[in-house]
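Asks: First the structure, which I've put down as structure tokens, then a few questions once you've had a look.
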């Protein structure tokens, strides 16, 4: 599944819902679904707020894949300002926003809810966040 949408704050909820609807066929637990939705929310919010500096003319791309064995791959991509120092940006509490408005925990939240997080970025070219989540496909027995 691949969708593109305007970099508007109200589209963050749309992205969460689209990702949740896509993975629903895998019958994830409520916890897994919440973790996926939260990861998507954080990545999309970062694109809108930091990547495009809340410029509604930007476009965010959301791609979701279901791979063998219940592996979910979620990619959030923008062509915004990019991240100069990805390692620094991944540190807890780091933010380029106003500290009274931003917690600087976006990447930390994504890392805690996903099994793997990859961030590729170039200043002036944009950012791609890839999140991988392994679903528990056991039938509860």
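In the UniProt record's numbering, the protein residues as written are 1 to 141. Heads up, the beta-carbon is just placed ideally off N, CA and C, and yes, glycines get one too. In this text the structure is predicted, and so the values were computed from the model without any measurement.
Where does residue 135 sit, in a helix, a strand or coil, going by DSSP?
Replies: If DSSP states are grouped into helix, strand and coil, residue 135 belongs with coil.
Asks: Residue ranges of each beta strand (DSSP E) run of no fewer than 3 residues wholly in the region 25 to 86, ordered along the chain?
Replies: Here the runs fully enclosed are 59 to 67 and 71 to 78.
Asks: DSSP state of residue 9, grouped into three classes?
Replies: Coil, per DSSP.
Asks: Using the rule of at least 16 other Cβ atoms within 10 Å of the residue's Cβ for burial, across every protein chain shown, is residue 115 buried or exposed?
Replies: By the neighbour-count rule (16 or more Cβ atoms within 10 Å), residue 115 is not buried but exposed.
Asks: Name the residue from 80, 118 and 75 whose alpha carbon lies nearest to the alpha carbon of residue 64.
Replies: Closest by alpha carbon: 75.
Asks: Are residue 72 and residue 135 touching if we call contact CB-CB under 8 Å?
Replies: It is a contact, given that the beta carbons lie within the stated cut-off.
Asks: Smallest Cα separation from residue 61: which of 68, 138, 69 and 41?
Replies: Residue 41 is the option with its Cα nearest to residue 61.
Asks: Which two residues bound the contiguous beta strand (DSSP E) that contains residue 125?
Replies: It is not in any beta strand (DSSP E) - residue 125 carries neither H nor E in the DSSP assignment.
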